[in-house]
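K.L.:
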Amino acid sequence: MTKADDAELLKLDNLIDEFAKEMKEKLHRKFYQGWTGWRAKYNKEEFEKKLFHHAVEGQMVDTANFAAFIWKMKGGHDYD
Numbered sequence: 035m036t037k038a039d040d041a042e043l044l045k046l047d048n049l050i051d052e053f054a055k056e057m058k059e060k061l062h063r064k065f066y067q068g069w070t071g072w073r074a075k076y077n078k079e080e081f082e083k084k085l086f087h088h089a090v091e092g093q094m095v096d097t098a099n100f101a102a103f104i105w106k107m108k109g110g111h112d113y114d
């Protein structure tokens, strides 16, 4: 890898870190507001609708959070 590649990879890492921080902060706010049920499979269809809605509205952090919930339901890493 070149120095330019290293710089590009660092920028990509920073982007993901910043975006993940926003995702986590939003989820924490929702948790303290009483929102639960993100692991319940019966919510999958509702989450898919919300993912689409937030994407259309341009709310990318919310879109990513719903994508993460669905990803987990479809067999993402097991953190339990």
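Sequential numbering of the sequence shown, starting at 35, is according to the working numbering. Ideal placement from N, C-alpha and C gives every residue a C-beta, glycine not left out.
Which residues in the same chain have their Cβ closer than 8 Å to the Cβ of G71, if we skip the five residues on either side of it in sequence?
P.N.:
Taking the first residue of the sequence shown as 1, we reach residue 71 at position 37. Excluding positions up to five away in sequence, the list reads N77.
K.L.:
Could you give the residue range of the alpha helix (DSSP H) that holds H62?
P.N.:
Position 28 of the sequence shown, counting from 1, holds the residue named residue 62. It spans K37 to Y66 - the alpha helix (DSSP H) in which H62 sits, taken as one unbroken run.
K.L.:
In whole angstroms, what is the alpha-carbon distance linking T97 and K60?
P.N.:
Here residue 97 is taken as the residue at index 63 of the sequence shown, counted from 1. Here residue 60 is taken as the residue at index 26 of the sequence shown, counted from 1. Cα to Cα, T97 sits roughly 11 Å from K60.
K.L.:
Only counting the same chain, and skipping five residues up and downstream in sequence, which positions put a Cβ closer than 7 Å to that of K84?
P.N.:
Along the sequence shown, one-based indexing puts residue 84 at 50. F100.
K.L.:
How long is the line joining the alpha carbons of D51 and M94, rounded to whole angstroms?
P.N.:
On the sequence shown, residue 51 is found 17 positions in, with the first residue counted as 1. On the sequence shown, residue 94 is found 60 positions in, with the first residue counted as 1. The alpha-carbon atoms of D51 and M94 are separated by roughly 15 Å.
K.L.:
Is the Cβ-Cβ distance between F103 and F81 less than 8 Å?
P.N.:
In the sequence shown, residue 103 corresponds to position 69, counting from 1. In the sequence shown, residue 81 corresponds to position 47, counting from 1. Yes, these two residues count as a Cβ contact at 8 Å.
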